[in-house]
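Every number in the working numbering is 1405 more than the matching position in the sequence shown, counting from 1.
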Amino acid sequence: MTGYLNGEQFGQASGIHLLYNHSDDVAFGARNEEAVLADFIASGTFSPDFWATGDLMAYDGWLDEAALYNKVLSAERIKAHFEAGNTEVAFTPGNGGDAGQVNSIVIADGNVVIEFEGILKSSPTVTGPFAPVAGAVSPYSVAPDQSAQFYLAE
């Protein structure tokens, strides 16, 4: 097993047991109480006290932009994934139609703030359909609590 940080290898360990395909929960970072871990199964210690320990095998730190893959990636592919996520894409306000446009999108106080002209519309998919956002006035502030949400102004 090989670890990478910011696209660069930082460590490697051999002797890792097989990671079997299963439908149970996955533990990544702090352990989900219901996740069954390979070393727990291998040790055979199915003690009730084991499950009662809330902080057992917890990672005490931050994970940002972490990824798990179900296949081996080359070092070049891992570096490319890091670089792709590290690339800034400049926002260029543009006229999305005759009546409206998005002027800016920023993060402020943990919310996404959209300044726009016209009627703000949103959709959970990039292809729509887009519906008017009820009560939206510019600047519109929304918590980033959805897996994906797309906006346009008309």
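No residue lacks a Cβ here, since even glycine has one placed at the ideal position from N, Cα and C.
Between alanine 1504 and glutamate 1559, the CB-CB gap stays under 8 angstroms.
Isoleucine 1519: member of the beta strand (DSSP E) spanning 1516-1522, first to last residue.
A contact between stretches requires three or more CB pairs, one per stretch, nearer than 8 angstroms, and the region 1506-1516 fails this requirement with the region 1527-1536.
Exposed is the label assigned to phenylalanine 1555, since fewer than 16 other Cβ atoms lie within 10 Å of its Cβ. Residue environment: phenylalanine 1521 is assigned as buried (16 or more neighbouring CB atoms within 10 Å of its CB, all protein chains considered). In the three-state reduction of the DSSP assignment, glycine 1540 falls in the coil class, being assigned neither a helical nor a strand state. Within its own chain, the residues whose Cβ lies closer than 8 angstroms to the Cβ of proline 1534, once the five positions on either side in sequence are excluded, are Ser1528, listed in chain order.
Boundaries of the beta strand (DSSP E) around lysine 1526: 1525-1528. Listed in chain order, the non-local C-beta contacts of isoleucine 1483 below 7 angstroms within the same chain comprise Tyr1409 and Gly1412, local neighbours out to five positions each way being set aside.
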